[in-house]
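One structure is given below, encoded as structure tokens.
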Amino acid sequence: MCGIHGYLKVGSKDKELERVIQGMVLAGHHRGPDDEGHTLIEGDDFSVGFGHNRLSIIDLSEHGHQPMLDKETGNWITFNGEIYNFQDLKRELEQSGVSFSTQSDTELILKAYNAWGQSCVERFRGIFGFALWDAAREECILVRDQMGVKPLYFYAKEDRILFSSEVRSLLASDRVPKKLSMEGASGYLMYGCVQEPCTLVDHVYSVFPGTMLIVDKKGHIEEKRYWSLPQDIESDLDEATAVKRVRSSLEDAIKYQQVSDVPIGVFLSGGIDSSVIASLACLQNPGKISTFCIGFEEKDFNESHYARKIADSVGSNHHELIMRGSDVRARWEEALAAYDQPSCDGLNTYFITELLAQHGLKVALSGLGGDEVFAGYNGFSKTLMVEKWHNRLRHLPFLLLSRFPWRATDAKLQTLLELSNPTLPASYFASRLLYNTANVEWLLQPFDVTLSENAWMERSRKLASSTKHLDAVNRASSCELQHYMLNQLLRDSDQMSMAHSLELRVPLLDHKLVEAVFNMPGSMKLDPSLQKPLLVRAMGKDLPSIAYEHPKQGFVFPFEAWFKKDLRPPIERFFKGSHKALWSEEKLRLLWSRFESGKLSWSRVWALFLLNDWLKRNKVIL
Numbered sequence: 003m004c005g006i007h008g009y010l011k012v013g014s015k016d017k018e019l020e021r022v023i024q025g026m027v028l029a030g031h032h033r034g035p036d037d038e039g040h041t042l043i044e045g046d047d048f049s050v051g052f053g054h055n056r057l058s059i060i061d062l063s064e065h066g067h068q069p070m071l072d073k074e075t076g077n078w079i080t081f082n083g084e085i086y087n088f089q090d091l092k093r094e095l096e097q098s099g100v101s102f103s104t105q106s107d108t109e110l111i112l113k114a115y116n117a118w119g120q121s122c123v124e125r126f127r128g129i130f131g132f133a134l135w136d137a138a139r140e141e142c143i144l145v146r147d148q149m150g151v152k153p154l155y156f157y158a159k160e161d162r163i164l165f166s167s168e169v170r171s172l173l174a175s176d177r178v179p180k181k182l183s184m185e186g187a188s189g190y191l192m193y194g195c196v197q198e199p200c201t202l203v204d205h206v207y208s209v210f211p212g213t214m215l216i217v218d219k220k221g222h223i224e225e226k227r228y229w230s231l232p233q234d235i236e237s238d239l240d241e242a243t244a245v246k247r248v249r250s251s252l253e254d255a256i257k258y259q260q261v262s263d264v265p266i267g268v269f270l271s272g273g274i275d276s277s278v279i280a281s282l283a284c285l286q287n288p289g290k291i292s293t294f295c296i297g298f299e300e301k302d303f304n305e306s307h308y309a310r311k312i313a314d315s316v317g318s319n320h321h322e323l324i325m326r327g328s329d330v331r332a333r334w335e336e337a338l339a340a341y342d343q344p345s346c347d348g349l350n351t352y353f354i355t356e357l358l359a360q361h362g363l364k365v366a367l368s369g370l371g372g373d374e375v376f377a378g379y380n381g382f383s384k385t386l387m388v389e390k391w392h393n394r395l396r397h398l399p400f401l402l403l404s405r406f407p408w409r410a411t412d413a414k415l416q417t418l419l420e421l422s423n424p425t426l427p428a429s430y431f432a433s434r435l436l437y438n439t440a441n442v443e444w445l446l447q448p449f450d451v452t453l454s455e456n457a458w459m460e461r462s463r464k465l466a467s468s469t470k471h472l473d474a475v476n477r478a479s480s481c482e483l484q485h486y487m488l489n490q491l492l493r494d495s496d497q498m499s500m501a502h503s504l505e506l507r508v509p510l511l512d513h514k515l516v517e518a519v520f521n522m523p524g525s526m527k528l529d530p531s532l533q534k535p536l537l538v539r540a541m542g543k544d545l546p547s548i549a550y551e552h553p554k555q556g557f558v559f560p561f562e563a564w565f566k567k568d569l570r571p572p573i574e575r576f577f578k579g580s581h582k583a584l585w586s587e588e589k590l591r592l593l594w595s596r597f598e599s600g601k602l603s604w605s606r607v608w609a610l611f612l613l614n615d616w617l618k619r620n621k622v623i624l
């Protein structure tokens with residue numbers, strides 16, 4: 003896992019090209035402290051710079067140094083991530099006469115591109131974001147993995163195109179204006195995380211998952227989609243066959259994602275998903291797997307006792323840390339500084355990855371994706387109910403309801419408000435709201451913000467439209483993966499793990515596994531008597547029963563309790579302080595009073611605090 007950076011100057015050359023790239027590399031040091039490098043490519047009427055931060059995972063030798071040159075073609079690459087099946091592809095290419103000089107998957111990409119062209123990405127099984135300079139065509143290709151596990155951002159305006167694994171590295175280039183994107187801010191406020199393709203910086207966007215951007219030397223950009231979620235359901239599939247397919251796909255995903263030249267750890271929360279990962283990892287590598295868990299003094303949030311029993315059952319070397327609000331407060335500055343983009347979630351990943359890093363690990367497996375792929379959230383069954391209500395509420399006058407925005411503290415009322423809005427995709431997006439439309443318009447009142455006309459809203463509409471033919475469960479699963487998973491969970495996992503120079507792998511989001519499960523009818527994925535029936539039945543006796551017999555909890559911090567004690571002082575200072583912010587002092591004091599009276603949830607307060615903190619840290623102006 004690494005950090006990649008680049009700059010394409012068109013029409014003329016930038017005399018400070020090297021300084022710009024070096025600044026981006028310096029800002030990305032935490033992503034790859036093992037090595038760094040850059041290269042400059044000069045043309046008659048353009049200049050290109052590639053930069054790289056390396057976290058050595060595969061081929062630890064100097065042969066894995068990047069940016070990497072293919073001497074045969076003159077092509078360059080800067081690559082972040084892993085191609086898990088690189089050894090399979092390497093053997094295939096060697097059989098056709100291709101020779102290799104390293105053991106790295108980076109070289110594999112260069113050789114695969116030479117052999118198969120742009121279609122080579124369709125063969126890659128992994129997590130990645132990379133840029134490849136095609137010397138013959140004089141064009142730069144930006145590619146992001148199928149599920150969007152690894153981030154890739156770009157800025158394109160006038161005579162310059164810059165890209166990076168992080169928004170902060172783009173800001174460090176001194177070529178991207180530090181101006182707040184109101185598109186990005188509105189999406190963040192509505193959902194507690196920035197909505198792709200937007201970011202919080204004006205004119206900075208993310209490359210979509212399963213997509214490549216081809217940028218020619220004149221700065222023209224062509225977008226190509228090379229992968230998307232399956233749309234066809236195998237309706238006559240029997241359950242026994244489905245269970246066998248899931249088991250086979252799981253074993254493959256775990257096998258491929260344990261390819262590493264350094265030791266690997268496993269997150270073990272005590273739930274089904276992480277227990278599946280730990281169990282299969284231990285079966286494939288007995289005696290070599292270490293598991294890690296964070297517990298809490300607050301009993302309603304603590305699953306550490308389950309994790310301990312599961313670790314004993316599967317035979318892992320288990321490590322446990324009990325977290326308190328005071329521990330978070332002690333690491334407050336470092337944790338907040340880790341956000342490449344703010345999110346109401348994320349601190350849980352920061353502290354669990356810190357625990358692994360303290361034990362000398364550079365790679366971890368996570369159970370992320372199990373709920374979204376195998377219909378684990380309670381919302382999957384609730385989606386059916388909400389859809390029925392949508393049909394009944396669609397004629398209600400939205401403007402009348404939205405005159406009472408701050409009464410929408412109750413989740414059901416908030417859902418009713420959004421379902422009555424005919425301009426929004428209905429049930430799913432309403433269920434994920436933090437602030438409703440009227441709230442956001444009030445919060446951004448001084449600025450010219452039109453919520454119905456922006457990039458992330460348009461993407462949400464297209465997502466809702468593209469899934470209409472699917473059954474309710476698969477439709478909800480598609481929305482979870484392309485909305486909540488992409489915009490919050492994956493981004494948080496990357497930015498918080500990379501803050502500790504740790505690579506986080508997600509076997510349950512292996513795109514081949516996702517394809518296999520998405521082809522199955524939604525009815526197979528729900529059972530009132532069993533959580534995630536397909537996943538549990540696929541594991542059989544290899545999954546300790548304690549993993550699925552206790553109530554589902556989720557890996558979340560007890561923020562509500564901590565906000566009343568350890569975390570209260572810095573947040574209260576923000577809301578009561580006399581300082582300039584995105585919001586007026588009067589508005590902030592009103593919000594704080596509503597929080598203290600129980601009329602505003604902790605998550606809404608937290609979202610505002612984080613956004614303001616991020617803007618200040620990164621010196622982004624309004």
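Quick note on the working numbering: the sequence shown kicks off at 3 and runs consecutively.
C-beta atoms are modelled at their ideal positions from N, C-alpha and C, and glycine is treated no differently.
Residue(s) in a DSSP beta bridge with residue i
i: F132; result: F81, V145
i: L2; result: In the structure as shown, the chain begins at 3 and stops at 624. Residue 2 is therefore absent and cannot be evaluated.
i: I312; result: Answer by DSSP bridge pairing: none, since I312 is not bridged.
i: N55; result: G5, E38
i: D218; result: E141
i: L483; result: According to DSSP, which records beta bridges pairwise, L483 is partnered with nothing at all.
Host alpha helix (DSSP H) of residue i (start-end)
i: S292; result: It is not in any alpha helix (DSSP H) - S292 instead sits in the beta strand (DSSP E) that spans 292 to 298.
i: H205; result: That residue, H205, is in no alpha helix (DSSP H); it is neither H nor E in DSSP.
i: M498; result: 493 to 500
i: E598; result: 587 to 598
i: R619; result: 604 to 619
i: T2; result: Because the chain spans 3 through 624 in this model, residue 2 falls outside it and cannot be assessed.
i: I111; result: 107 to 118
i: I623; result: Element bounds for I623: n/a, residue is neither H nor E.
Residue i burial status per 10 Å Cβ neighbour count (16 or more: buried)
i: L532; result: exposed
i: R125; result: exposed
i: S63; result: exposed
i: R606; result: buried
i: L491; result: buried
i: S422; result: Confidence at S422 is low in this model, with a pLDDT of 48, below 50, so the placement of that residue should be treated as unreliable; the coordinate-derived value is given next. Counting Cβ neighbours within 10 Å, S422 comes out buried, since at least 16 surround it.
i: L401; result: With a pLDDT of only 46 at L401, under the threshold of 50, the placement of this residue in the model should not be trusted; the figure read from the coordinates follows. The residue in question, L401, is exposed, as its Cβ has fewer than 16 Cβ neighbours within 10 Å.
i: F102; result: exposed
i: K514; result: exposed
i: T411; result: Caution is warranted here: a pLDDT of 44 is assigned to T411, below 50, making its placement in the model unreliable, and the coordinate value is therefore given only provisionally. With fewer than 16 other Cβ atoms within 10 Å, it is exposed.
i: S271; result: buried
Contact check, residue i vs residue j, beta carbons under 8 Å
i: G372; j: G381; result: no
i: Q659; j: E300; result: Residue 659 lies beyond the range of the chain shown here (3 to 624); nothing can be said about it.
i: R68; j: T104; result: For the sequence presented, residue 68 should be read as Gln rather than Arg. Cβ atoms of Q68 and T104: not closer than 8 Å.
i: V123; j: M214; result: yes
i: I235; j: Y550; result: no
i: L367; j: R507; result: yes
i: L446; j: Y437; result: no
i: L231; j: E253; result: no
i: I324; j: F353; result: no
i: K290; j: S503; result: no
i: N225; j: G30; result: Note on identity: in this sequence residue 225 is Glu, with Asn being the wrong assignment. Cβ distance not < 8 Å, so E225 and G30 don't count as in contact.
i: Y155; j: S208; result: yes
Distance between beta carbons of residue j and residue i, contact taken as under 8 Å
i: Y9; j: V27; result: Contact doesn't hold; Cβ gap of about 11 Å is too wide.
i: P546; j: I312; result: 5 Å
i: R162; j: R177; result: 6 Å
i: A114; j: L91; result: 6 Å
i: E198; j: L472; result: Not quite, the Cβ-Cβ distance comes to about 21 Å (not below 8 Å), so this is no contact.
i: L617; j: L584; result: 7 Å
i: T469; j: S480; result: 5 Å
i: S106; j: I60; result: 6 Å
i: A340; j: A501; result: 4 Å
i: V375; j: L528; result: 13 Å between Cβ atoms; not a contact.
Boundaries (first-last residue) of the beta strand (DSSP E) holding residue i
i: I324; result: 319 to 325
i: Y190; result: That residue, Y190, is in no beta strand (DSSP E); its alpha helix (DSSP H) goes 184 to 193.
i: G372; result: Segment 372 to 375 is the alpha helix (DSSP H) holding G372; no beta strand (DSSP E) there.
i: A138; result: Segment: none, A138 is in no beta strand (DSSP E) and carries neither H nor E.
i: D72; result: 70 to 72
i: L584; result: Unbroken run through L584: none, as it is neither H nor E.
i: Y352; result: Element bounds for Y352: not the beta strand (DSSP E) but the alpha helix (DSSP H), 349 to 360.
Contact test: residue i Cβ vs the ligand COA heavy atom, cutoff 7 Å
i: G372; result: Among the components of this structure there are no ligands whatsoever, and the ligand COA is therefore not found.
Chain D contact for residue i (CB, 8 Å cutoff)
i: L144; result: Checking the listed chains, one finds no chain D in this structure; it contains a single protein chain.
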